[in-house]
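Residue numbers (our numbering): 1218 to 1304.
Note that the Cβ used here is the ideal one computed from N, Cα and C, for glycine as well.
The structure presented is a predicted model; accordingly, all values stated were derived computationally and were not measured.
Notes follow once the structure below has been shown.
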């Protein structure tokens, strides 16, 4: 035999719980917006910057790569030179 009275009580309890959870969610969302504002962010979702590489590779120009390689070669040459003097 169905129990309509308990079903109505359960529905009322669930609706009250849902209302409470929605209120908490609104409060948490507001706190998130406040913290983002303090951090200098926006209230919306963050969008990945266009400068961030997607595949993990760096975004250096060919000229920058050449300068870095030349500087590294100079450092290694100096290291080898000082290491040979120490022997």
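- Boundaries cannot be given for residue 1304, as no alpha helix (DSSP H) includes it and DSSP labels it neither H nor E.
- Assignment of residue 1277 by DSSP, reduced to helix, strand and coil, places it in the coil class.
- Taking the Cα positions, residue 1229 is about 17 angstroms away from residue 1240.
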